[in-house]
Amino acid sequence: MSDDTPAELVPAPGPAAGIETFVIQPPGLGTALRISIARAIQPAVGANDGPTAVVYVTDADYMFGTVVDAVRVGSLGGELAPAVVVGIGYAEEKGDLAFVSMRRFLDFYRGPRRSFSAGAYGSFEFGGADAFLAALRDHVIAAVERHVGEIDPARRVLLGISAGGHFAAYAMAEAPDLFQGYALMSPMLVDPQSPVAGALPQSVGDPVMVRLIEQLPALPEGRRAFLSAGALEEDPGTMFADFAIISNAFRMRAALARHGVETQFVQFPGETHGSVAGAAIARALRFLLPVAAGPDWQAALAATE
Numbered sequence: 002m003s004d005d006t007p008a009e010l011v012p013a014p015g016p017a018a019g020i021e022t023f024v025i026q027p028p029g030l031g032t033a034l035r036i037s038i039a040r041a042i043q044p045a046v047g048a049n050d051g052p053t054a055v056v057y058v059t060d061a062d063y064m065f066g067t068v069v070d071a072v073r074v075g076s077l078g079g080e081l082a083p084a085v086v087v088g089i090g091y092a093e094e095k096g097d098l099a100f101v102s103m104r105r106f107l108d109f110y111r112g113p114r115r116s117f118s119a120g121a122y123g124s125f126e127f128g129g130a131d132a133f134l135a136a137l138r139d140h141v142i143a144a145v146e147r148h149v150g151e152i153d154p155a156r157r158v159l160l161g162i163s164a165g166g167h168f169a170a171y172a173m174a175e176a177p178d179l180f181q182g183y184a185l186m187s188p189m190l191v192d193p194q195s196p197v198a199g200a201l202p203q204s205v206g207d208p209v210m211v212r213l214i215e216q217l218p219a220l221p222e223g224r225r226a227f228l229s230a231g232a233l234e235e236d237p238g239t240m241f242a243d244f245a246i247i248s249n250a251f252r253m254r255a256a257l258a259r260h261g262v263e264t265q266f267v268q269f270p271g272e273t274h275g276s277v278a279g280a281a282i283a284r285a286l287r288f289l290l291p292v293a294a295g296p297d298w299q300a301a302l303a304a305t306e
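The sequence shown begins at 2 in my numbering and counts up by one.
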């Protein structure tokens with residue numbers, strides 16, 4: 002006879018196999034970060050002779066799992082270089098995205114500190130990107146790479162979507178030696194201001210982050226940047242139309258190219274600001290994590306062109 006006793010869920014030691022989660026409280030940030038680390042997966046057939054890359058994912062409370070799955074499947078099949086994935090989220094987030102939905106605007110946008118009223122969507126604090134960048138540079142990256150060990154610091158990649166794309170551009174300008182690859186997916190390359198008479202001012206589409214990159218004297222050699230947008234992100238009447246995401250992404254690509262940055266721009270038909278993330282992540286990883294042919298990563302990059 003079969004046992005009809007219902008099977009019970011038993012707590013496991015972690016969220017998924019091969020993933021560790023930590024909490025870190027960098028001085029000066031004002032909140033604790035939840036750091037999730039997914040170890041690299043080696044190819045199912047053959048061996049990877051190149052260094053182990055690392056992908057740092059802002060907005061981990063939104064998209065860490067998507068990035069981990071894409072990297073693991075791509076690496077296992079030999080289509081992507083093996084990479085450690087590091088998710089940067091918030092310890093105070095409880096799973097309903099209430100905390101991160103407010104906090105990310107403060108941490109991802111450059112100063113000065115200011116408030117932005119988005120009508121029915123509420124009010125947000127902006128202008129803490131300098132503190133967030135210092136937390137990553139001085140504490141998070143150092144702690145992660147001490148813990149993991151096999152990471153090659155010359156293969157750091159930063160993924161940011163929407164406001165995270167603003168932060169990626171800011172990091173490129175303020176700490177150009179910190180990362181070698183960047184994904185600016187549906188990037189908000191503006192400095193949002195409060196609405197005037199209930200409507201967003203037209204100046205909100207002003208590409209201030211593009212000018213920040215244009216004004217740099219130079220960027221280090223060997224940098225790569227992936228930019229993308231959904232084709233519907235500037236459709237009239239949508240909430241993101243005035244932010245000129247597509248137009249400003251084209252402008253940013255041109256500014257980066259003038260600094261010698263290897264770039265790729267992909268526009269995804271039929272996708273909106275909210276729907277495009279999965280497709281953008283997959284394409285960004287393909288561009289930023291080419292399979293290494295040997296220890297020379299730059300030669301491997303050149304072979305993908």
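Heads up, the beta-carbon is just placed ideally off N, CA and C, and yes, glycines get one too. No experiment lies behind these values; they were computed from the predicted model shown.
Which residue comes first and which comes last in the alpha helix (DSSP H) that contains residue i?
i: Val87; result: It is not in any alpha helix (DSSP H) - Val87 instead sits in the beta strand (DSSP E) that spans 84-91.
i: Ile42; result: Run containing Ile42: none; DSSP gives neither H nor E here.
i: Ala17; result: Taken as a continuous stretch (DSSP letters only), Ala17 belongs to no alpha helix (DSSP H), as it is neither H nor E.
i: Glu146; result: 142-149
i: Tyr63; result: 61-77
i: Ser276; result: Where Ser276 is concerned, there is no enclosing alpha helix (DSSP H), given that its DSSP letter is neither H nor E.
i: Ala258; result: 246-259
i: Arg241; result: Contrary to the premise, residue 241 reads as Phe rather than Arg in this sequence. Unbroken run through Phe241: none, as it is neither H nor E.
i: Ala99; result: 99-109
Assuming residue i is part of the beta strand (DSSP E), what are its boundary residues?
i: Arg35; result: 34-39
i: Thr22; result: 20-25
With DSSP as the reference, please indicate the residues paired to residue i in a beta bridge.
i: Arg115; result: Phe127
i: Met186; result: Ile162, Ser229
i: Ala54; result: Ala84
i: Val267; result: Ser229
i: Arg157; result: Val55
i: Ile214; result: None; Ile214 has no bridge partner.
i: Ile152; result: Thr53
Is the beta carbon of residue i less than 7 Å from the beta carbon of residue j?
i: Val85; j: Glu94; result: no
i: Asp60; j: Gly165; result: yes
i: Ile162; j: Met189; result: no
i: Val58; j: Gly88; result: yes
i: Ala184; j: Ala285; result: yes
i: Leu30; j: Ala132; result: yes
i: Glu39; j: Ile20; result: In the sequence on display, residue 39 carries Ala and not Glu. Taking 7 Å as the Cβ cut-off, Ala39 and Ile20 qualify as a contacting pair.
i: Arg147; j: Gln181; result: no
i: Ala172; j: Leu134; result: yes
i: Ala8; j: Ala283; result: no
Report yes or no: do three or more beta-carbon pairs, one from the segment 206-214 and one from the segment 119-127, lie closer than 8 Å?
Taking a cut-off of 8 Å on C-beta distances, the segment 206-214 does not touch the segment 119-127, as fewer than three cross pairs fall below it.
Any 3 or more C-beta pairs closer than 8 Å across the segment 217-236 and the segment 269-285:
yes
Using a Cβ distance threshold of 8 Å, determine whether the segment 248-264 contacts the segment 219-227, with at least three qualifying pairs required.
The segment 248-264 makes contact with the segment 219-227; the number of CB pairs closer than 8 Å reaches 3 or more.
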